[in-house]
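J.:
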Amino acid sequence: MKLKDKVAIVTGATSGIGEASAKLFASEGVKVVVVGRNEERGNNVVNNIKDDGEEAFFVKVDMNNRDDMDELFEKTIDKYDKIDILFNNAGMAISGPLEDFKYKDFDNVIHTNLTAPFQMSKKAMPYLLKTKGTILNTASISGVVTHSNGMDTTLQKLL
41 MKLKDKVAIV
51 TGATSGIGEA
61 SAKLFASEGV
71 KVVVVGRNEE
81 RGNNVVNNIK
91 DDGEEAFFVK
101 VDMNNRDDMD
111 ELFEKTIDKY
121 DKIDILFNNA
131 GMAISGPLED
141 FKYKDFDNVI
151 HTNLTAPFQM
161 SKKAMPYLLK
171 TKGTILNTAS
181 ISGVVTHSNG
191 MDTTLQKLL
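Numbering (the working numbering), first residue to last: 41 to 199.
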């Protein structure tokens with residue numbers, strides 16, 4: 041167990057890459073804070089980790105809500121008294137023609153994918169500096185490749 045007794049916050053941990061990462065961290069001895077919006081899926085991930093004899097707990101967080109983020113850090117420090125790893129994995133995408141996009145949807149994508157990781161990293165820094173911890177960020181292939189019926193494809197048609 042390479043990471044025994046480290047503490048990791050994993051956002052977007054209720055499915056996909058985040059869930060797999062939370063389980064992998066736990067298998068290496070990490071105490072995992074499973075973060076997501078869906079309480080049922082979050083608790084299922086925690087239960088799977090605990091069934092394997094590892095430690096985890098769930099905190100419901102909307103990445104668009106700073107109060108939720110503050111509560112996440114408070115609960116993590118209350119339980120473990122440290123943070124060693126922040127994995128900013130939560131993300132979202134909305135596809136469709138540009139002319140159909142609503143400003144609020146665009147703002148939601150930007151906040152979830154860009155602003156929230158910045159805010160989470162900033163909030164984690166005092167703890168990570170103490171533990172010489174690490175920040176990991178998931179990025180999307182959509183940053184470098186176009187997809188049919190995505191906003192990037194619509195923009196390319198105009199160019």
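Even for Gly, the Cβ is constructed at its ideal location relative to N, Cα and C.
Distance check for N177 and D108, CA to CA, integer angstroms please.
T.: Rounded to the nearest angstrom, the two C-alpha atoms are 19 Å apart.
J.: Tell me the rounded alpha-carbon separation between V184 and A62.
T.: Taking the straight line joining both Cα atoms gives about 26 Å.
J.: Does Y143 pass the burial test, meaning 16 or more other C-beta atoms within 10 Å, or should it be called exposed?
T.: Y143 should be labelled exposed.
J.: One question on the structure: do K115 and K170 come within less than 8 Å of each other, judged by their Cβ atoms?
T.: Contact flag unset, no.
J.: Touch check for the stretch 133-148 and the stretch 90-97: three-plus C-beta pairs under 8 Å?
T.: Flag = no, the stretch 133-148 and the stretch 90-97 do not touch.
J.: Are the CB atoms of A130 and T152 within a distance shorter than 8 Å?
T.: Yes, Cβ-Cβ distance for T152 and A130 is below 8 Å.
J.: Just tell me which of V70, V47 and V75 has its CA closest to the CA of I57.
T.: Selected option, being the one with the closest Cα: V75.
J.: Quick check on this structure: which residue in M165, N83 and L43 has the alpha carbon closest to the alpha carbon of G52?
T.: Among M165, N83 and L43, the Cα nearest to that of G52 belongs to N83.
J.: Can you tell me where the beta strand (DSSP E) holding A96 begins and where it ends?
T.: It spans A96 to K100 - the beta strand (DSSP E) in which A96 sits, taken as one unbroken run.
J.: Just to check, is the beta-carbon of N84 closer than 7 Å to a non-hydrogen atom of the ligand PLP?
T.: The ligand PLP is not part of this structure, which contains no ligands at all.
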